[in-house]
Amino acid sequence: MNTRQFYKNIQFELVDWAEGIAEIRTILVVGSQARQVKPADEYSDLDISLYVIGNHEQEAESYLQWMQEFVPVWMTLDEHHDETKSWLILYQAGIKVDFSVTPISTLQPLIAEQRLWDDQQRGYRILLDKDGIAAQLPAPTPFDPPPYVPPTQVQFIQRVEGYFYGAVYLAKQIKCGNLWKAKWADQIQQRMLLEMLEWHSRSTHEQPVDTYYRGDFMRDWVSEITWRELHQVFAHFDALDSRKALIASLRLFTRLTEETAAKLDYDYPRTMVAEVTDYILGLGAP
Numbered sequence: 002m003n004t005r006q007f008y009k010n011i012q013f014e015l016v017d018w019a020e021g022i023a024e025i026r027t028i029l030v031v032g033s034q035a036r037q038v039k040p041a042d043e044y045s046d047l048d049i050s051l052y053v054i055g056n057h058e059q060e061a062e063s064y065l066q067w068m069q070e071f072v073p074v075w076m077t078l079d080e081h082h083d084e085t086k087s088w089l090i091l092y093q094a095g096i097k098v099d100f101s102v103t104p105i106s107t108l109q110p111l112i113a114e115q116r117l118w119d120d121q122q123r124g125y126r127i128l129l130d131k132d133g134i135a136a137q138l139p140a141p142t143p144f145d146p147p148p149y150v151p152p153t154q155v156q157f158i159q160r161v162e163g164y165f166y167g168a169v170y171l172a173k174q175i176k177c178g179n180l181w182k183a184k185w186a187d188q189i190q191q192r193m194l195l196e197m198l199e200w201h202s203r204s205t206h207e208q209p210v211d212t213y214y215r216g217d218f219m220r221d222w223v224s225e226i227t228w229r230e231l232h233q234v235f236a237h238f239d240a241l242d243s244r245k246a247l248i249a250s251l252r253l254f255t256r257l258t259e260e261t262a263a264k265l266d267y268d269y270p271r272t273m274v275a276e277v278t279d280y281i282l283g284l285g286a287p
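Shown next as structure tokens:
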């Protein structure tokens, strides 16, 4: 099954079907399939958003049923958020569609304030707009990164302390051979490292930087030295390799936080960082 043709077909037929459903008022495509900068490739999924009136929670299941009956499905996962009912649908041949149903009233604040959500900011396409509501949304600005607010001093220190607290825990798990628990703890560390990578990139560039989502296109927005160091921070299921990766991560995180603090003119807990690092190094090999 050709992925691009599948996406064209499902959009066309969904609109044709939705024209006869009074409660469905607007359909948008967001995400990579609507993105103008770094557009979708053959492995990208399709994000479809239905905006409806009435009891959207009750009707959403019937809309989902239409999506599931379009072609055979491998699986459907619930991923609901606030007022939005969302599903991750994986069709046969590995074709993925993120499908959501949201009250159309949620678009009104965006229209009133002439702003967009981050996923709309990079681009959106209107498939259906029965009432002209989507046409009142501001145009996307795909060449401008979404608005960025740097962390406060308190948020910055909390993240630094959280990372080093977790690093001690991770080091102890590695030392005593709890490799599975170490991997679990390392996932938390990597999420904090990613956030710091984003803060660092945005604070150290003179022009606005788009750090995208969950590390997308990272090679484009981190420095060459950071990119090289990142290759050392992931480990095999092995105690010695896990310790080596932890130390590499500590050094990278420390450099990023020192440079970010300097750019933001924030205080930096240098003594704590040094003492925690010495403690971890002093634990020795497993």
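Read the sequence shown against our numbering and you will find it ends at 287, with the numbers running on by one and no gaps.
Each residue gets a CB set at the ideal place from its N, CA and C atoms; glycine is no exception.
- Taken through DSSP and simplified to helix, strand or coil, Ser250 comes out as helix.
- Boundaries of the alpha helix (DSSP H) harbouring Tyr166: Gln154 to Lys176, taken from the DSSP string.
- The segment 210-225 makes no contact with the segment 161-179; the number of CB pairs closer than 8 Å stays below 3.
- Between the alpha carbons of Leu231 and Tyr44 lies a distance of about 24 Å.
- In the three-state reduction of the DSSP assignment, Arg36 falls in the coil class, being assigned neither a helical nor a strand state.
- Here the alpha carbon of Gln59 sits roughly 13 Å from the alpha carbon of Ile25.
- When secondary structure is reduced to three states using DSSP, Asp79 falls in the strand class.
- Annotation: Leu91 to Trp75 spans about 6 Å, alpha carbon to alpha carbon.
- Of the candidates Gln69, Val161, Ser106 and Gln34, Val161 places its Cα closest to the Cα of Thr261.
- Thr103 and Trp118 have their C-alpha atoms roughly 14 Å apart.
- In this model, Ile134 and Ile11 are separated by some 23 Å (Cα to Cα).
- Arg126 is bridged by DSSP to Val30.
- Secondary structure at Leu138: coil, using DSSP grouped into helix, strand and coil.
- When the beta-carbon positions are compared, Leu194 and Val234 come within less than 9 Å of each other.
- Here Ser63 is exposed. Its C-beta has fewer than 16 other C-beta atoms within 10 Å.
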